[in-house]
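Peer 1: Heads up: the protein sequence lines correspond to chains A and B, in order.
Letter 231 of the first sequence, counting from 1, is numbered 666 in the working numbering, and no numbers are missing.
Letter 59 of the second sequence, counting from 1, is numbered 61 in the working numbering, and no numbers are missing.
The beta carbon of each residue, even a glycine, is placed where N, CA and C say it ideally should be.
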Amino acid sequence: MLPDMTAITPGTLPKSSPRGTAARARLLRGLLPALSLALVLMAIAWLNPRAISYFGFNLMLNLAIPIALATVAQMFVIAGNELDLSIGTFVGFVGCVTATWLRDAPLIGILVLLGSIGVYALLGALIHLRNLPSIVVTLGMSFVWQGLAILVLPKPGGKAPDWLLSIMSFKPPYIPFPILAALIIAAIVHFGLMRTSYGVILRGSGGNAAALRRAGWSLLKTKIVLFALTGLFGVLSGMALIGITTSADANIGNGYTLLSIAGVILGGGEFVGGRVSPIGAVLGALTLALAASPLLTFMHIPPDWQVAANGAILIIVLAARVLISRRER
Amino acid sequence: MTSVRTLLEKPWLWSFVGALVVWLATVAFTGGYGAGGMVTAALSLAVFTVIVGVGQMFVITLGPGNVDLSLPANIGLASAVAMKVMGGSDSMIVVGLLAALATGAAIGAINYLLIWALRIPPIIATLSASFIIQSVDISYGRGLQIKPPPGFADFTNWQVLGIPVLAMLTVVFTIGAALALQRMIFGRSVLAIGQNIRAAWLAGVHVGRIRFLTYTLCGALGGIDGALLAGYFRGANVDIGNEYLLASIAVVVIGGTSVAGGKANVPGVWGAGLFLVLLLTMLNTFGVSAGVRLVLTGLIIVGVITAAGGEKAVR
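#1: Mapping DSSP to helix, strand and coil, what is Lys450(A)?
#2: What are the residues in the segment 193-207 of chain B lying within 9 Å of chain A by C-beta distance?
#3: Strictly under 9 Å for the Cβ-Cβ distance: is Ser17(B) near chain A by that measure?
#4: Can you give the Cα-Cα distance for Leu600(A) and Thr51(B), rounded to whole angstroms?
#5: Considering Pro269(B), what are the terminal residues of the alpha helix (DSSP H) in which it resides?
#6: Identify which residue in Ile307(B), Ile134(B), Pro124(B) and Ser141(B) has its Cα closest to the Cα of Thr63(B).
#7: Can you check DSSP and say which residues form a bridge with Val162(B)?
#8: For a test of the three-state rule: what should DSSP assign to Gly746(A), helix, strand or coil?
#9: Near Arg648(A), which residues of its chain fall below 8 Å by C-beta distance, leaving aside the five closest residues on each side in sequence?
#10: Taking 8 Å as the cut-off, is the C-beta of Gly669(A) nearer than that to any heavy atom in the ligand ADP?
#11: Which residue wins for smallest C-alpha separation from Gly530(A), given the options Ile513(A), Ile500(A), Ser632(A) and Leu588(A)?
#12: Answer with yes or no whether the minimum CB distance from Glu517(A) to chain B is below 9 Å.
#13: Using DSSP with H/G/I as helix, E/B as strand and the rest coil, what is Ile1(B)?
#14: Go through its chain and collect everything with a Cβ distance to Ala621(A)'s Cβ below 7 Å, but skip five positions before and after it.
#15: Just tell me which of Thr158(B), Ala82(B), Ala202(B) and Ile122(B) has its CA closest to the CA of Gln172(B).
#16: Among the candidates Pro150(B), Ile126(B), Val69(B) and Gly98(B), whose CA atom is the shortest distance from the CA of Gly90(B)?
#17: Cβ closer than 9 Å: which chain A residues qualify as neighbours of Thr299(B)?
#18: Using 8 Å for Cβ pairs, my map puts Ala505(A) next to Ile479(A). What's the rounded Cβ distance?
#19: Taking Cβ positions, are Val261(B) and Ile696(A) nearer each other than 9 Å?
#20: Please classify Val526(A) as buried or exposed, where buried requires at least 16 neighbouring CB atoms within 10 angstroms.
#21: Measure from the alpha carbon of Lys594(A) to the alpha carbon of each residue in Thr681(A), Met495(A), Gly688(A) and Asn566(A), then state which is nearest.
#22: Flag this pair as touching only if the segment 295-303 of chain B and the segment 562-581 of chain A have three or more C-beta atom pairs under 8 Å; answer yes or no.
#23: Thr535(A) lies in the alpha helix (DSSP H); which residues open and close that run?
#24: Give me the subset of the segment 233-267 of chain B whose CB atoms are less than 7 Å from a CB atom of chain A, sorted by chain position.
#25: Starting from the Cα of Ile748(A), find the closest Cα among Ala458(A), Leu474(A), Leu466(A) and Arg464(A) and give me that residue.
#26: Quick one: which chain B residues come within Cβ less than 8 Å of Asp739(A)?
#27: Against chain A, which members of the segment 111-131 of chain B pass a CB distance test of less than 9 Å?
#28: Could you please tell me which residues of the segment 495-520 of chain A, in chain order, have their CB closer than 7 Å to any CB of chain B?
#29: From which residue to which residue does the alpha helix (DSSP H) around Pro607(A) run?
#30: Buried or exposed, going by whether 16 or more other CB atoms sit within 10 Å of the CB of Thr447(A)?
#31: What do you get for Pro166(B), buried or exposed, if any count of 16 or more other CB atoms within 10 angstroms of its CB means buried?
#32: Please identify the residue among Met477(A), Arg710(A) and Phe492(A) whose C-alpha is closest to the C-alpha of Phe609(A).
#33: What are the residues that DSSP puts in a beta bridge with Ile148(B)?
#34: Since Gly67(B) meets chain A, which of its residues come closer than 9 Å, beta carbon to beta carbon?
#35: By the 10 Å Cβ neighbour count, where 16 or more other Cβ atoms means buried, how is Met477(A) classified, buried or exposed?
#36: At the 9 Å Cβ level, is Val304(B) part of the contact set with chain A, yes or no?
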């Protein structure tokens with residue numbers, strides 16, 4: 436079902452191990468993001484059966500779409516062995532532009548958003564050409580986006596464009612919109628990154644850059660494409676967020692940086708080697724979105740300890756992954 | 003001539019040059035007014051970044067992926083612990099400092115425990131730990147405006163001839179850190195692990211023990227920083243360490259330490275710390291708005307790292 440999520444380090448798989456067990460463990464590991472999501476869902480169902488309904492999901496997964504989009508954005512840079520520490524403030528900046536210019540002067544708004552994707556592409560080029568650590572460059576950019584967001588919208592406010600509001604409040608029959616949207620996002624990105632030949636090249640730039648270069652592919656181009664994709668999904672995330680919250684605030688996306696990194700890792704991605712999984716990343720984002728508050732409110736965990744519970748969930752899921760990985764060898 | 007060239011090749015030089023340029027620009031703008039006061043203020047504020055920066059530097063030097071994201075939460079909790087233990091009485095200052103140190107060291111040890119036992123990437127381990135520490139801090143220091151003892155507040159603000167005593171002590175500490183890095187087995191082992199963890203292990207370096215010590219050291223420095231911050235700003239609060247996440251990483255990298263690990267630079271941390279504080283002072287002096295200030299800070303960080311350039315990939 437999810438063959439690509441099961442990729443493991445070639446060196447960690449001894450040849451002598453029985454193939455059947457290893458394959459089963461790999462499958463288990465590939466299914467882990469789905470299992471952890473199922474576990475969180477079961478916990479919610481057990482604590483409050485009424486939450487498992489059309490409206491319940493709509494409420495609980497309210498912010499899942501922007502989180503999933505931001506996680507996918509982060510996944511693209513991680514596929515190229517880089518990290519984007521500015522995605523949170525970038526989502527905030529996009530939100531501020533969406534709630535002001537995109538409504539009042541759509542043409543300027545669209546140009547600004549396209550321009551910001553261009554800035555991401557340029558950052559990719561800069562990082563590649565000057566061989567810079569992406570952590571530091573994006574760290575600097577996080578200040579830039581935050582500053583620009585404050586300049587665009589000094590005080591919380593603004594209003595989302597009507598068309599965006601109507602898209603985000605779309606109520607499809609039977610399937611809650613956040614779930615439908617997550618399915619669509621996962622399917623599109625999975626196809627693009629895992630099933631097309633250029634997607635393989637993009638992941639290869641994180642897996643073995645030297646081999647790609649010798650095979651005649653431009654590493655500059657792969658880096659630019661990966662960063663531009665991050666920018667694109669960052670823009671989508673910011674717009675989706677404002678479509679839900681209806682108004683913006685310069686700090687609205689700040690939490691998304693760490694959330695998106697956690698989502699990618701929770702979804703089975705790894706920091707190096709181009710080993711990422713779009714489906715896993717979306718599942719990881721959904722798990723985080725669900726675990727973030729509804730579950731904890733149902734469990735009567737006091738607000739003080741909700742952040743801690745988030746950390747604990749991350750640790751538990753990753754510990755489970757280690758246990759399964761151990762069986763792989 | 004050769005000595006000039008070897009000096010110019012020192013990566014840490016640029017952070018000091020940057021700090022000097024920013025300072026001169028500000029002084030030129032004010033017409034010489036407040037030039038000395040600016041240095042005093044920059045020194046007292048840079049101290050806090052330098053202390054956590056040195057801790058972060060040791061961690062980052064361990065190699066790719068090693069970074070301590072729990073520092074802000076650590077600083078917040080340690081500041082609350084220190085102020086509570088001191089309880090506003092001068093006789094408890096030393097005990098309070100030791101308590102902050104112990105809290106920080108314990109957090110660092112837990113961080114490494116998570117990395118080692120669960121084999122999680124350090125970024126995620128320290129991130130998850132920071133969530134938990136944050137909650138502990140919120141529930142521990144809830145609603146309390148905890149003031150430092152007067153003696154401690156005076157000590158952290160104490161100046162001799164316009165030079166903060168805390169800054170002098172931190173200079174001594176950083177010299178010690180530089181010696182530990184370049185001349186002691188601990189520091190050499192950290193560098194060796196950062197260059198090639200497998201080679202270091204084969205060469206007999208106690209990789210696990212050194213990594214444990216490094217994370218514990220970084221945590222302990224975060225703890226002591228929290229206590230000092232609470233003294234300097236006359237009170238502990240949950241958010242007191244927030245800006246030190248980005249700042250600690252920024253000073254390490256601007257200061258010439260390689261994010262790929264295996265190459266550290268202690269003087270650069272001081273240069274970069276002063277540079278960042280003076281940059282903020284300059285932008286404040288120019289009277290720019292908060293938004294412009296952030297944009298310029300970011301662009302300058304990107305500009306500095308672009309100008310300094312990355313190293314050629316060895317592998």
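Peer 2: Working from what's here:
#1: Interpretation of Lys450(A) is limited by its pLDDT of 46, a score under 50 that renders its predicted location unreliable; no figure is taken from the coordinates.
#2: None of the residues of the segment 193-207 of chain B has a beta carbon lying less than 9 Å from any beta carbon of chain A.
#3: It does not: the Cβ of Ser17(B) has no partner Cβ on chain A nearer than 9 Å.
#4: 44 Å
#5: Val268 to Thr287
#6: Pro124(B)
#7: Ile165(B)
#8: helix
#9: Leu654
#10: No copy of the ligand ADP appears in this structure; indeed no ligand is present at all.
#11: Leu588(A)
#12: no
#13: For chain B, the structure presents residues 3 to 317; residue 1(B) sits outside this window and is missing.
#14: Pro713, Ile714 and Val717
#15: In the sequence on display, residue 172(B) carries Thr and not Gln. That would be Thr158(B), whose Cα lies nearest to the Cα of Thr172(B).
#16: Pro150(B)
#17: Gly575, Phe578, Val579 and Gly582
#18: Actually they are not in contact, since the Cβ atoms of Ala505(A) and Ile479(A) sit about 23 Å apart, beyond 8 Å.
#19: No.
#20: buried
#21: Thr681(A)
#22: yes
#23: Looking at the DSSP string, Thr535(A) is not in any alpha helix (DSSP H), and its letter there is neither H nor E.
#24: Those would be Leu248, Ile251, Ala252, Val255 and Val261, in chain order.
#25: Leu474(A)
#26: Ser137, Ile140, Ser141 and Arg144
#27: Leu116, Ala119, Leu120, Arg121, Ile122, Pro123, Ile125, Ile126, Ala127, Leu129, Ser130 and Ala131
#28: none
#29: Looking at the DSSP string, Pro607(A) is not in any alpha helix (DSSP H), and its letter there is neither H nor E.
#30: Any answer about Thr447(A) is weak, because its pLDDT of 45 lies below 50 and its placement is not dependable; what the coordinates show is given next. Per the 10 Å Cβ criterion, exposed.
#31: buried
#32: The sequence given here places Tyr at residue 609(A); Phe does not occur at that position. Comparing Cα-Cα distances from Tyr609(A) to each of Met477(A), Arg710(A) and Phe492(A), the minimum goes to Phe492(A).
#33: Ala238(B)
#34: Phe706 and Val707
#35: exposed
#36: yes
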